[in-house]
Amino acid sequence: MINIKKEKSTQVAFILTALAALATLFSVATNFLIPMYLMSKYQTDVRRASSIGIIGGADGPTAIYITGGFHSYLFTIIFGLLTIIGIIHIIKKINKQKTN
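According to our numbering, the sequence shown is numbered sequentially starting from 5.
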């Protein structure tokens, strides 16, 4: 019974680690790779264009708050750390199972 619970917890940890890794890859692609590709292809700064679009949609102080408030790289860092922690946890469990 205890072995089954340990096995299930390892499977859950593996699935959550895989999801965190996918979220990290998606975040890197959407926040860094695609804008860099578009900047090189069209010779323009994508970040500046998105700020102009946001400012055009809001008035006054709201526009300044919206354009200066979001840090997309934090999502990437958080899920990257979760992926690393999950991998370390899985490796420790596998090594512990081998010694037993």
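Cβ coordinates follow ideal geometry from the N, Cα and C atoms, glycine included.
These numbers were taken from a predicted model, which means no experiment stands behind them.
If you follow the alpha helix (DSSP H) that Q101 is part of, which residue opens it and which one closes it?
Y77 to T103
Cβ atoms of F79 and A24: under 7 Å apart, would you say?
no
Please report the residue range of the alpha helix (DSSP H) in which L42 lies.
I38 to Y46
Local Cβ density within 10 Å of S76, reported as buried at 16 or more and exposed below that
exposed
Cβ atoms of K102 and T14: under 7 Å apart, would you say?
no
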